[in-house]
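For reference, the structure is listed below as structure tokens.
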Amino acid sequence: MPPATVLTATDLSKSFGPDEIFRGVSFQIADREHVALVGINGAGKSTLLKIVAGADLPNSGEVAIARGARMAVLQQDPRFDTDRSVRDEARLAFEDALTAQARMRELELAMQSAEGDALDAYFAEYERLSLHFEVAGGYDIEHRTDDVLTGLGFTPEQMAQSVQTLSGGQRTRVALAKALLSEPDLLLLDEPTNHLDLGMLEWLEGFLATWRGAFLVVSHDRYFLDKVTNRTLDLSFGRMEDYPAAYARYLVLREERFERRMQEYEEQQAFIARTEEFIRRYKAGQRSREARGRQTRLERMERLERPELHTALKLSTSPTMRSGREAITMTPLRVGYSAGSQDTVLVTTPELRVERGDRVAIIGDNGSGKSTLLKTMVGELPALKGRVGFGVNVKVGYYAQGHESLPPEGTPMSVLLDAQPMGEESARSYLSRFLFSGDEVDRSIALLSGGERSRLALARLLVEGANLLILDEPTNHLDIQSRETLEEMLSGYDGTVVFVSHDRFFVDRVATRVWEVADGRLQTYLGNYSDAQRQKARLKLPDKAEPARIVESAAPKPVAQSPVRDPRRTGAASTTRLQRKLEGIEREIGKLEGKLNELSDAIAIAGLGTDHDALTSLSTDYATAQEALETAYAEWEQINATLTEANLVATS
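So in the numbering used here, spot 67 of the sequence shown is number 67, and the numbers just go up one at a time.
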């Protein structure tokens with residue numbers, strides 16, 4: 001039996017004045033379906049979400065929600081009109097259960113003085129409400145609320161704060177917590193990953209991956225979409241395209257669909273051209289009747305539209321000179337801010353070296369000091385301790401997150417000409433590659449949107465011909481298509497790149513090394529984001545406060561070994577042999593644990609240096625020893641269980 005449909009959108013259209021946003025949009029969402037809504041900035045994704053939520057009206061079409069289905073909505077920039085605490089605001093997700101609880105308290109007081117029929121009525125109502133409260137999870141409200149708020153980064157102290165004291169990002173997280181706690185049948189999420197750091201993102205991905213209801217989510221975070229969705233709706237050119245896949249697979253299907261449609265279109269155009277040529281040649285000759293027939297068929301033919309592609313950024317840059325092998329050298333640094341004699345240290349780094357051609361991603365939670373580290377590297381802030389040096393012939397290009405260096409009184413044209421003198425026609429042509437055309441090149445920078453400022457900052461950066469690009473959140477304000485273009489450019493860039501980004505998909509596509517900032521320290525990893533995650537998992541040390549692990553392992557790794565005989569047939573000689581084997585395994589476990597401790601210390605030391613090959617070799621040795629230790633544990637447990645059972649049989 002197919003899953004029930006919770007949402008049906010039929011033939012939706014929306015315009016703002018003369019501008020049509022979309023038309024003929026139809027789709028359904030089934031129970032437990034996890035759906036992504038993607039498209040370029042301005043395609044109408046948030047507008048469509050508002051229409052589905054009932055917060056806006058379409059010009060035509062209708063939206064139907066299944067009878068009895070509950071819906072919750074997370075919108076951008078939520079507002080609260082009360083002075084409740086963060087915890088109390090989140091608990092409103094359980095308003096029905098809390099209302100029942102309040103009435104139960106009233107009934108408890110009333111029953112103390114009631115008699116006869118009144119008491120019976122109170123008791124019956126109390127029993128009904130008590131059952132409702134239990135079914136609604138009322139006894140678990142506090143625990144569930146705190147769990148979700150903790151996952152979204154709130155401390156116990158922050159949970160007690162008034163929502164009126166929160167920043168915009170914190171308000172969004174409270175609203176997200178309420179939406180998740182309400183457990184609706186359909187959840188609508190508009191950019192839920194905004195304002196979340198990596199730890200919160202990973203928590204949310206785990207939460208939504210097991211979500212028992214349906215959801216429709218708008219997000220620029222492609223890594224997130226790939227983790228939590230199983231279907232993608234693409235709103236492009238005012239129309240909806242449906243793909244039965246998560247984001248990465250959707251990209252492949254979209255390309256295949258475009259190529260197939262382009263081939264069909266070109267084949268039809270070729271057929272039309274041949275037919276029109278036949279009609280022109282024979283319409284007045286002996287084959288005029290056939291020509292008229294072809295003319296009729298041509299007029300009745302359903303013409304295919306040429307498949308459209310969005311106008312994309314055209315990014316390219318070539319360094320004006322080749323740098324030396326070492327692009328950046330850094331002695332151990334302390335990075336932060338100094339106020340008089342008081343230093344605030346945000347990040348402590350080991351000695352680091354960046355070589356020509358490296359593409360280094362710096363990742364970490366919000367406020368961990370990533371941007372401060374970049375500012376220290378480019379000399380905007382002095383290091384509290386240590387030194388940053390650049391190699392021979394290094395020319396630095398710096399992209400600041402806030403674009404503070406863009407003059408508000410300037411224009412795209414003036415900014416470009418200041419960076420690189422050229423003719424006006426050449427400047428217009430160059431700016432058009434960054435989607436500035438016509439009068440837009442002369443607009444005041446103060447009037448540009450965040451996305452336009454980002455594109456202008458990239459245009460200025462890339463025209464300078466730097467061979468070392470230092471980029472602070474370069475994907476902010478860029479739509480998905482622009483991010484993909486930037487990824488392609490940086491991946492083929494003949495220079496060196498150091499960048500901060502929270503976009504894990506972007507880091508996966510671009511980075512060759514990862515520096516992670518956590519708890520005030522910087523750790524280095526080879527490869528991209530996914531490689532770093534795998535290395536972290538391999539390097540995760542066993543819990544040293546687990547002395548009873550040998551006898552309490554819950555899920556031993558299966559091992560290939562000779563079957564142990566039935567304990568009832570295990571004689572004294574066999575028992576002795578097993579005892580000796582057990583002692584040998586215990587000695588092996590001791591050796592392996594000692595080896596792991598030595599490797600752990602060696603890895604910690606190697607992580608502070610720059611010998612990446614040595615670190616990789618140590619990591620491999622650690623993984624091998626860890627696997628051998630798990631095998632030894634499993635064998636010990638099996639033999640110990642056999643001996644225990646044999647002793648029980650012998651004494652019974």
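For glycine and all other residues, C-beta sits at the position ideal for the given N, C-alpha and C.
Given the structure is predicted, the values throughout are model-derived calculations rather than measurements.
Using the C-alpha atoms, what's the distance from Ile363 back to Glu598? Working through the sequence shown from its first residue, we reach residue 598 at position 598. Working through the sequence shown from its first residue, we reach residue 363 at position 363. The straight-line gap from Cα to Cα measures roughly 29 Å.
Apart from the five residues on each side of it in sequence, which residues of its chain come closer than 7 Å, Cβ to Cβ, to Ala110? Along the sequence shown, one-based indexing puts residue 110 at 110. Correct list, in chain order: Tyr122.
Out of Thr145, Ala118, Ala55, Asn59, which has the shortest C-alpha to C-alpha gap to Leu98? Position 98 of the sequence shown, counted from the first residue, corresponds to residue 98. Comparing alpha-carbon positions, the option among Thr145, Ala118, Ala55, Asn59 lying closest to Leu98 turns out to be Thr145.
Taking only three categories from DSSP, how would you classify Arg79? Residue 79 sits at position 79 when you count from the first residue of the sequence shown. Residue state, collapsed to three classes: coil.
Between the alpha carbons of Ile589 and Glu487, how many angstroms are there, rounded? Walking along the sequence shown from the start, residue 589 turns up at place 589. Walking along the sequence shown from the start, residue 487 turns up at place 487. Looking at the two C-alpha atoms, the distance is approximately 47 Å.
Mind checking which residues open and close the alpha helix (DSSP H) that includes Tyr282? In the sequence shown, residue 282 corresponds to position 282, counting from 1. Start and end: 247 to 282.
Quick check: the Cα distance between Val335 and Asp519, rounded to an integer number of angstroms? Indexing the sequence shown from 1 puts residue 335 at position 335. Indexing the sequence shown from 1 puts residue 519 at position 519. CA-to-CA, the gap between Val335 and Asp519 works out to about 13 Å.
Rounded to whole angstroms, how far is the Cβ of Leu333 from the Cβ of Lys385, which I believe are closer than 8 Å? Counting from 1 along the sequence shown, the entry for residue 333 is found at position 333. Counting from 1 along the sequence shown, the entry for residue 385 is found at position 385. Contact holds; Cβ gap of about 7 Å.
Measuring alpha carbon to alpha carbon, tell me which residue in Leu313, Ala602, Val378 is nearest Phe499. Position 499 of the sequence shown, counted from the first residue, corresponds to residue 499. Looking only at Leu313, Ala602, Val378, the smallest Cα-Cα distance to Phe499 is reached by Val378.
Taking only three categories from DSSP, how would you classify Asp418? Taking the first residue of the sequence shown as 1, we reach residue 418 at position 418. Asp418: helix per DSSP, three-state reduction.
Out of Val514, Glu276, Leu304, state which residue places its alpha-carbon closest to the alpha-carbon of Arg292. Numbered from its first residue, the sequence shown carries residue 292 at position 292. Nearest option by C-alpha distance: Glu276.
Check Arg212 in the structure and name its three-state DSSP category. Position 212 of the sequence shown, counting from 1, holds the residue named residue 212. Arg212: coil per DSSP, three-state reduction.
Evaluate the contact criterion for the region 85 to 100 versus the region 119 to 134: three or more CB pairs, one atom per stretch, below 8 Å. Result yes; three or more Cβ-Cβ pairs closer than 8 Å.
Is Val218 closer than 8 Å to Leu12 when the C-beta atoms are compared? Position 12 of the sequence shown holds residue 12. Position 218 of the sequence shown holds residue 218. 8 Å or more divides the Cβ of Leu12 from the Cβ of Val218.
Beta-carbon proximity check, Thr229 vs Val35, cutoff 8 Å: Counting from 1 along the sequence shown, the entry for residue 229 is found at position 229. Counting from 1 along the sequence shown, the entry for residue 35 is found at position 35. Cβ distance < 8 Å, so Thr229 and Val35 count as in contact.
Got a sec, what are the start and stop residues for the beta strand (DSSP E) Gly310 sits in? In the sequence shown, counting from the first residue as 1, residue 310 sits at position 310. The question names Gly, yet the displayed sequence has His at residue 310. Counted as a single uninterrupted DSSP element, the stretch harbouring His310 is not any beta strand (DSSP E), since DSSP gives it neither H nor E.
Taking the straight line between their C-alpha atoms, what separation do you get for Arg289 and Thr296? As a first step, residue 289 must be located in the sequence shown, where it is residue number 289. As a first step, residue 296 must be located in the sequence shown, where it is residue number 296. Looking at the two C-alpha atoms, the distance is approximately 11 Å.
Ser338: buried (16+ other C-beta within 10 angstroms of its C-beta) or exposed? Start at 1 with the first residue of the sequence shown, and residue 338 comes out as number 338. Ser338 sits exposed, since fewer than 16 C-beta atoms from the chains shown fall within 10 Å of its C-beta.
The alpha helix (DSSP H) with Thr99 in it runs from where to where? If you number the sequence shown from 1, residue 99 lands on position 99. Counting along the chain, Thr99 sits inside the alpha helix (DSSP H) bounded by residues 95 to 111.
Terminal residues of the continuous beta strand (DSSP E) containing Thr329? Translated into the one-based positions of the sequence shown, residue 329 becomes position 329. From DSSP, the beta strand (DSSP E) with Thr329 extends over 326 to 330.
Minimum C-alpha distance to Val86 - residue among Leu152, Asp31, Val163, Pro78: Reading the sequence shown from its first residue, position 86 is the one you call residue 86. That would be Val163, whose Cα lies nearest to the Cα of Val86.
So, helix, strand or coil for Leu695, using DSSP? With the chain covering only 1 through 652, there is no way to say anything about residue 695.
On the DSSP bridge assignment, give the partners of Asp472 in chain order. Translated into positions along the sequence shown, residue 472 becomes position 472. In the DSSP secondary-structure assignment, Asp472 is bridged to Val500.
Cβ neighbour criterion (16 or more within 10 Å) applied to Leu309: Counting from one through the sequence shown, the residue named residue 309 turns up at place 309. By the 10 Å Cβ count, Leu309 comes out exposed.
Can you tell me the Cβ-Cβ gap for Val25 and Met240, rounded? I've got them flagged as a contact below 8 Å. Within the sequence shown, residue 25 is the residue found at index 25, counting from 1. Within the sequence shown, residue 240 is the residue found at index 240, counting from 1. About 5 Å separates the beta carbon of Val25 from that of Met240, a gap short enough to meet the 8 Å contact definition.
Relative to the C-alpha of Gly584, which candidate in Ile639, Ala9, Ala55, Leu458 has its C-alpha closest? For the purposes of this step, residue 584 is taken as residue 584 along the sequence shown, with counting starting at 1. The option with the nearest alpha carbon to Gly584 is Ile639.
Using a threshold of 8 Å, state whether the C-beta atoms of Ile279 and Arg300 are closer than that. What you label residue 279 is simply residue 279 of the sequence shown in a count that begins at 1. What you label residue 300 is simply residue 300 of the sequence shown in a count that begins at 1. Taking 8 Å as the Cβ cut-off, Ile279 and Arg300 do not qualify as a contacting pair.
According to DSSP, which residues form a beta bridge with Met668? Because the chain is modelled from 1 through 652, residue 668 falls outside the range shown and cannot be assessed.
Name the DSSP beta bridge partners of Thr155, please? Within the sequence shown, numbered from 1, the residue matching residue 155 stands at position 155. Beta bridge pairing from DSSP links Thr155 with no other residue.
Within 10 angstroms of its Cβ, does Arg171 collect 16 or more other Cβ (buried), or is it exposed? Position 171 of the sequence shown, counted from the start, is the residue given in the question as residue 171. It is buried - the Cβ of Arg171 has at least 16 other Cβ atoms within 10 Å.
Beta carbon of Glu431 nearer than 8 Å to that of Ala459: By one-based count along the sequence shown, residue 431 stands at place 431. By one-based count along the sequence shown, residue 459 stands at place 459. The residue asked about is misnamed: residue 431 is Leu in this sequence, not Glu. Yes, Cβ-Cβ distance for Leu431 and Ala459 is below 8 Å.
Excluding five sequence neighbours on each side, which residues of the same chain lie with their C-beta closer than 8 Å to the C-beta of Gly324? Within the sequence shown, the letter at position 324 stands for residue 324. Result list for Gly324: Arg356, Gly391, Val392, Asn393, Val394, in chain order.
Could you tell me the distance, in whole angstroms, from the CA atom of Phe436 to the CA atom of Gly367? Here residue 436 refers to the residue found at position 436 when the sequence shown is read from its first residue. Here residue 367 refers to the residue found at position 367 when the sequence shown is read from its first residue. Distance between the alpha carbons of Phe436 and Gly367: 33 Å.
Assigned secondary structure, Lys314 (DSSP; H/G/I helix, E/B strand, else coil): In the sequence shown, counting from the first residue as 1, residue 314 sits at position 314. Lys314 falls in the coil class under three-state DSSP.
Take every Cβ of the region 58 to 72, pair it with every Cβ of the region 148 to 164, and state whether three or more of those distances are shorter than 8 Å. Result no; under three Cβ-Cβ pairs closer than 8 Å.
Rank Glu267, Tyr265, Phe271, Lys227 by C-alpha distance to the C-alpha of Tyr250 and give the top, closest one. In the sequence shown, residue 250 corresponds to position 250, counting from 1. The option with the nearest alpha carbon to Tyr250 is Lys227.
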